[in-house]
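Residue numbers (full-length UniProt numbering): 1 to 509.
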């Protein structure tokens, strides 16, 4: 008998208890701290001198839930690979590709930390071309052919579920995307209108990743049936933001963008505000959260806000790590109401599914690039990853005359990446949660898509899991369940919180 290699442990604020999650089985349990400490400290090792009776109910419970196992290490790893493969093949069968238009590579801002080069945004050389109406129509001919579940896997001859096994209820058409450069600017107004008309003819809406500076030019397109979703960046309060997000014609963009967010929300558009965080603006996160709340955005059903770390071109000394950002946002939540989310979404998703009685791990793709994303650019090139658009050596194919020509080797590599295909990930208890991290980051650091990009996940996920669970417990059980001072006891409960219920069993510690 050994401790499973896939035990995840999260110490709770109440130091008597630990939250356990099994990284394959999906079991979720609240246990005495001594038990949690032992399982995490001995993860993958033989059970020697455990702090429980081997013949007692605690041992039986931990075995039933998968935290103790008779499987050898390689046998358990193969189980992870099998589960990940099943989820991967199901995703390739259930999901149609994601489609993005890149109307132009130019941008009306020159943000200093942007991962795209400024010569691209200035429209120099090969980046000068705008997408034509003919190219839009060519792209839609490709979309019409491939906008169905399993289309990319079939085209690339990849494994997938057999026809008829996929749940067709999950195949509703998703919004078509707009990306850049900057997709919503003066010079793209005509072509974006054409894209919107063609999308509307097919019953599709649009979503855009935009800086929001010229959003008012597209007012007639804004709404639930047109340009329905926006991601817009605010990088601090007015003074700091206006130093970071500037362009040749725009020096003070904060108020312009804020007014355009109000415009979009007023027309029924879903708006997600993104805050790109590094050390220059981290101290303004709390003030920004307060600004969102005061403006009424925090309570608006169509508004959300998300903080993410700056990566790429910024100097290493200015960067904030993901664990650091998680701690910053936790401190804000402890001090005030907060509408700004971060990387705790992983924990929230796992807990919500587990507590609803569902298997908590539902996907193994880190992003749409790994289930099929086609990004149509103005030069007739296709890309799988938005961090690589415009870099010709990273294109996955071309589209001309309505014909899709994929580089099968390159495209197959993107759609073949998942935790079960990466040895390091298949041995990690977080594999089915973090899903191997960003493929581009992995290739940038290791030279291969088939490598892990851990990004500090093992450091911050347990804390996020504990904090999210404690909030759920407070809401469900109420303050009466937490007497203060709490009486000491040697008969602590193991609490099985899976399947949406709380079941107490007295276990001797």
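Where a beta carbon is used, it is the ideal one built from N, C-alpha and C, also for glycine.
For residue 131, there is no enclosing alpha helix (DSSP H), as DSSP gives it neither H nor E.
Between residue 408 and residue 156, the gap from beta carbon to beta carbon is short of 8 Å. Inter-residue distance for residue 416 and residue 427 is about 18 Å (C-alpha atoms, whole angstroms). Straight through space, the alpha carbons of residue 10 and residue 437 are spaced by roughly 21 Å.
The continuous stretches of beta strand (DSSP E) do not include residue 120, which lies in the alpha helix (DSSP H) extending over residues 118 to 121. Per DSSP, reduced to three states, the secondary structure at residue 375 is strand. Contact annotation: the stretch 81 to 90 touches the stretch 363 to 377, with at least three C-beta pairs closer than 8 Å. In chain order, 184, 260, 263 and 264 place their CB closer than 7 Å to the CB of residue 215, counting only its own chain and leaving out the 5 sequence neighbours on each side.
For residue 272, the enclosing beta strand (DSSP E) starts and ends at 270 to 277. Proximity to residue 433 across 21, 318 and 227 peaks at 21, based on C-alpha coordinates.
When DSSP assignments are scanned along the stretch 20 to 90, the uninterrupted stretches of beta strand (DSSP E) that are 3 or more residues long and fall wholly within it turn out to be 28 to 32. Leaving aside the five residues that flank residue 299 on each side, none in its chain has a CB nearer than 6 Å to its CB. In the three-state reduction of the DSSP assignment, residue 437 falls in the coil class, being assigned neither a helical nor a strand state. Cβ atoms of residue 254 and residue 241 come within 8 Å of each other, at about 4 Å. Within the DSSP bridge table, the entry for residue 229 names 207 and 270 as partners. Annotated three-state conformation of residue 176 is strand, per DSSP. When secondary structure is reduced to three states using DSSP, residue 188 falls in the helix class. Inside the stretch 299 to 364, DSSP marks whole beta strand (DSSP E) runs of 3 or more residues at positions 303 to 309, from first to last along the chain. By DSSP's assignment, residue 8 forms a beta bridge with 21.
Residue pairing of residue 194 in beta bridges, as defined by DSSP: absent, with no partner found.
Collapsing the DSSP output to three states places residue 138 in a helix. Residue 199 sits in a helix when the DSSP states are folded into three classes.
Beta-bridge analysis with DSSP links residue 104 to 130. Of the candidates 270, 188 and 301, the residue whose Cα lies closest to the Cα of residue 226 is 270.
Annotation for residue 399: the continuous beta strand (DSSP E) segment containing it runs 397 to 400. A Cβ-Cβ distance of about 15 Å is found for the pair residue 210 and residue 191, leaving them out of contact under the 8 Å criterion. Of the residues assessed, residue 5 falls on the buried side of the cut-off, its CB having 16 or more other CB atoms within 10 angstroms. With a contact defined as Cβ atoms closer than 8 Å, residue 341 and residue 393 miss out at about 35 Å.
For residue 242, the enclosing alpha helix (DSSP H) has its first and last residue at 238 to 244. Around the CB of residue 67, 16 or more other CB atoms lie within 10 Å, so the residue is classed as buried. Per DSSP, residue 217 lies in no beta strand (DSSP E) and is assigned neither H nor E. Between residue 100 and residue 178, the gap from beta carbon to beta carbon is short of 8 Å. Ranked by Cα distance from residue 268, the options 294, 282 and 229 are led by 229. Spatial neighbours of residue 421 in its own chain (CB-CB distance under 7 Å, excluding positions within 5 residues in sequence) are listed in chain order as 450. Where residue 423 is concerned, the enclosing alpha helix (DSSP H) starts and stops at 423 to 426. The beta carbon of residue 148 sits closer than 7 Å to those of 96, all from its chain and outside the five residues before and after it, given in chain order.
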